[in-house]
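**Student:** Supplied in structure tokens, the structure appears directly below.
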Amino acid sequence: MSKKMLTPEAHHEVVVKGLYEQMKPVFDSSEQPIFLYLDDNHKACNSKFAKMLGFKSPQEWAETPSVLGVSVAEKSRETLTTAYWDAMKKKTASTIQVTWMKKGGGTFDSTVILVPMFFDGHLFSVHFVTNMVS
Numbered sequence: 002m003s004k005k006m007l008t009p010e011a012h013h014e015v016v017v018k019g020l021y022e023q024m025k026p027v028f029d030s031s032e033q034p035i036f037l038y039l040d041d042n043h044k045a046c047n048s049k050f051a052k053m054l055g056f057k058s059p060q061e062w063a064e065t066p067s068v069l070g071v072s073v074a075e076k077s078r079e080t081l082t083t084a085y086w087d088a089m090k091k092k093t094a095s096t097i098q099v100t101w102m103k104k105g106g107g108t109f110d111s112t113v114i115l116v117p118m119f120f121d122g123h124l125f126s127v128h129f130v131t132n133m134v135s
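Going by my numbering, the first residue of the sequence shown is number 2, and it counts up by one from there.
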């Protein structure tokens, strides 16, 4: 099936999978938790990121309805949103402090490097996370 025949939803799924596959060596071998984000319905992460947040698998995390609503503490939502939009509009990377919420309860602080990345005509953000309490 060609890309032109796919629905926008299906096309975005193919694009996320393609970028994930391209970055798989980094996702698998990095000591850092990493996630990539196109939008709330189209995202992926490595096992370290899913585990850090208390999810059983990257797939379970990817199926959550909202990164901000499910994984980011309220006090960090504006910071992460602003960094994301700067990446999208200005094509600038940033280093920010984010407090995450664990699936089973509790929070932890981290440093996040957020980088804009183009793939297959789409602009993603890729996030490298360092748990400050490791």
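For every residue, glycine included, the Cβ atom is placed at its ideal position computed from N, Cα and C. All of these numbers come straight from a predicted model, not from anything done at the bench.
For residue 37 versus residue 45, is the C-beta distance shorter than 8 Å?
**Tutor:** Position 36 of the sequence shown, counted from the start, is the residue given in the question as residue 37. Position 44 of the sequence shown, counted from the start, is the residue given in the question as residue 45. Closer than 8 Å, so yes.
**Student:** Quick check: the stretch 11–22 against the stretch 118–129, are at least 3 beta-carbon pairs closer than 8 Å?
**Tutor:** Touching, yes, given that three or more Cβ pairs across the two stretches are closer than 8 Å.
**Student:** What would DSSP say about residue 100, mapped onto helix, strand or coil?
**Tutor:** Along the sequence shown, one-based indexing puts residue 100 at 99. Looking at residue 100 - three-state DSSP - the assignment turns out to be strand.
**Student:** Quick one: grab the DSSP three-state call for residue 45.
**Tutor:** The residue you call residue 45 lines up with position 44 of the sequence shown. Strand at residue 45.
**Student:** So who's on the other strand from residue 124, going by DSSP bridges?
**Tutor:** For the purposes of this step, residue 124 is taken as the residue at position 123 of the sequence shown. Beta-bridge pairing links residue 124 to 119.
**Student:** Which partner residues does residue 50 have in the DSSP bridge list?
**Tutor:** Here residue 50 refers to the residue found at position 49 when the sequence shown is read from its first residue. Bridge partners of residue 50: none, in fact.
**Student:** Going by the DSSP bridge assignment, what does residue 40 pair with across the sheet?
**Tutor:** Here residue 40 refers to the residue found at position 39 when the sequence shown is read from its first residue. Beta-bridge pairing links residue 40 to 43.
**Student:** Return the Cβ separation of residue 112 and residue 133 in integer angstroms, given the expectation that the two are a contact with Cβ distance under 8 Å.
**Tutor:** Start at 1 with the first residue of the sequence shown, and residue 112 comes out as number 111. Start at 1 with the first residue of the sequence shown, and residue 133 comes out as number 132. Yes, they are in contact, since the Cβ atoms of residue 112 and residue 133 sit about 6 Å apart, within 8 Å.
**Student:** Kindly indicate which residue of 80, 40, 93, 8 has the alpha-carbon position closest to the one of residue 65.
**Tutor:** Looking up residue 65 in the sequence shown gives position 64. Of the listed residues, the one whose Cα sits closest to residue 65 is 40.
**Student:** Helix, strand or coil: how does DSSP classify residue 111 here?
**Tutor:** Counting from one through the sequence shown, the residue named residue 111 turns up at place 110. In the structure shown, residue 111 sits in a strand (DSSP, three-state: E or B).
**Student:** Classify residue 99: buried if its beta carbon has 16 or more other beta carbons within 10 angstroms, exposed otherwise.
**Tutor:** As a first step, residue 99 is located in the sequence shown; it is residue number 98 there, counting from the start. Buried is the call here.
**Student:** Would residue 97 and residue 88 qualify as a contact pair, given that the criterion is a beta-carbon distance under 8 Å?
**Tutor:** Stepping through the sequence shown from its first residue, residue 97 is reached at position 96. Stepping through the sequence shown from its first residue, residue 88 is reached at position 87. Result no, Cβ atoms of residue 97 and residue 88 do not sit closer than 8 Å.
**Student:** Out of 6, 14, 8, 68, which one is the CA nearest neighbour of residue 104?
**Tutor:** For the purposes of this step, residue 104 is identified with residue 103 of the sequence shown, where counting begins at 1. The candidate whose alpha carbon is nearest that of residue 104 is 68.
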